[in-house]
Amino acid sequence: SLLQALADGLRDHKYDLKFLFKEIAMSRAYQRSSYFNGDTLPVANKYFTAAIKPLSPEQFAWTLLQSLGEVQKQTKAAEAALLSKNKEFDAATVGGRVLVEAKVTAALKGPFDEIVAVFASQNTALKFTASANHALYLINGPEITQRLTRGGGYLIDELLAFDDDAAMVEQLYLHMYSRKPMPAERKQAQEFMAIAGDAKQIAVQELMRTLLCSAEYRFVR
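Using this note's numbering, read the sequence shown as starting at 447 and increasing by one per residue.
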C-alpha cells in the first residue's frame, strides 16, 4: 500500500522526481532520530532508531558551509543579483529556486572543493577515522576562521546580536545540530558565557568551534 501511494503521488504530480524525493525525505521513517529515550536500547533489527553513520565529505562540506551561514549569505546575494536583472524575478517559484541554487552552488565551488579535499582522505564507506588534520582544520582552517569573524554576514553576527544568552545558545544549537540544546547543555553553555564577561565574541567563537569538533556534528543523526 505504501508503494502504491508513492506511485499514485508520483503519477498525480506528473512524474516529478523532486516531489517523490521530498515526500520520502519528509517521512517520519526517513527522519527517525538515532536518539532513544528509553532505558534499554532496542535490538537493531527492530529499527526503532536510525543508524548512526558519518557524513560523506561532500555532505560534511555542505553542512559546514550552511551551519556557519555561508549558504544563507550567498542565497541572499544570488536573489539580489537576479532581482536586479529582472524586476519580476520571484525566488519563491520553482524556476526561481533553480536559478538561485545554481548561483549559490557556483559561488561556493571553491570553498566546497577545499573542504572536501581535506575530509576525503578517509574511506567513510568502510569506517570512520578522525585525523589530526581534520581537527586542526576545524580549529584553525582558513575556511572556518573566515566564517567565525565578525562583520562578514555569517552566523556569528546573528549570535552576537542576541542580548539573551539562553536565546543565543538555542539558536546556535539549531544551526549546528538541527535541534534545541538539552537542559544540561544549555546550562553549561550559559555558564561559559557568564564567565566570559566582556569577551563575548571570543566565547561565542569557542562555543561554535566546540560544536564543530564534536562527534554529533560529524554524523548523520
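C-beta: ideal position from N, C-alpha, C; glycine also. Keep in mind the model is a prediction, meaning the values are calculated, not measured.
Checklist entry - Using the rule of at least 16 other Cβ atoms within 10 Å of the residue's Cβ for burial, across every protein chain shown, is Tyr461 buried or exposed? => result exposed
Item to check | Phe665 in three-state terms, based on DSSP | outcome: strand
Checklist entry - To the nearest angstrom, how far is it from the Cα of Ala538 to the Cα of Ser660? => result 35 Å
Checklist entry - Taking DSSP as the reference, what is the three-state secondary structure of Pro627? => result coil
Item to check | CA-to-CA distance, Leu545 to Gly515, given in whole angstroms | outcome: 20 Å
Checklist entry - Relative to the C-alpha of Ala649, which residue among Asp611, Ala578, His621 and Pro629 is closest? => result Asp611
Checklist entry - Run through DSSP, which three-state label would Lys499 get? => result strand
Item to check | DSSP state of Thr570 mapped onto helix, strand, coil | outcome: Because the pLDDT of Thr570 is 49, which lies under 50, any placement of that residue in the model is unreliable, and the number read from its coordinates should be weighed accordingly. DSSP places Thr570 in coil when its eight states are reduced to three.
Checklist entry - Secondary structure at Asn579, three-state DSSP: helix, strand or coil? => result helix
Next on the checklist: For Ala507, which residues in the same chain have their Cβ closer than 6 Å to its Cβ, ignoring the five residues on either side in sequence?
Outcome noted: Phe558, Ile561 and Val562
Checklist entry - Could you give the residue range of the alpha helix (DSSP H) that holds Arg474? => result Element bounds for Arg474: n/a, residue is neither H nor E.
Checklist entry - Taking Cβ positions, are Arg629 and Phe565 nearer each other than 9 Å? => result The question names Arg, but residue 629 in the sequence shown is Pro. No; because the gap between Cβ atoms is not below 9 Å, this pair is not in contact.
Checklist entry - Is Ala553 closer than 9 Å to Gln520 when the C-beta atoms are compared? => result yes
Checklist entry - Taking Cβ to Cβ, would you say Met622 is nearer than 9 Å to Leu657? => result yes
Item to check | Same chain only: Cβ atoms within 8 Å of Val517, ignoring 5 sequence neighbours per side | outcome: Trp508, Leu511, Val550 and Leu554
Item to check | Whole-Å CB distance - Lys626 paired with Leu620, under 8 Å assumed | outcome: 7 Å
Checklist entry - If you run the structure through DSSP and keep just helix, strand and coil, what is Asn586? => result helix
Checklist entry - Just the Cα atoms here: how many angstroms apart are Arg457 and Ala471? => result 18 Å
Item to check | Residue of Arg655, Met654, Asp609 and Glu631 minimising C-alpha distance to Gly643 | outcome: Asp609
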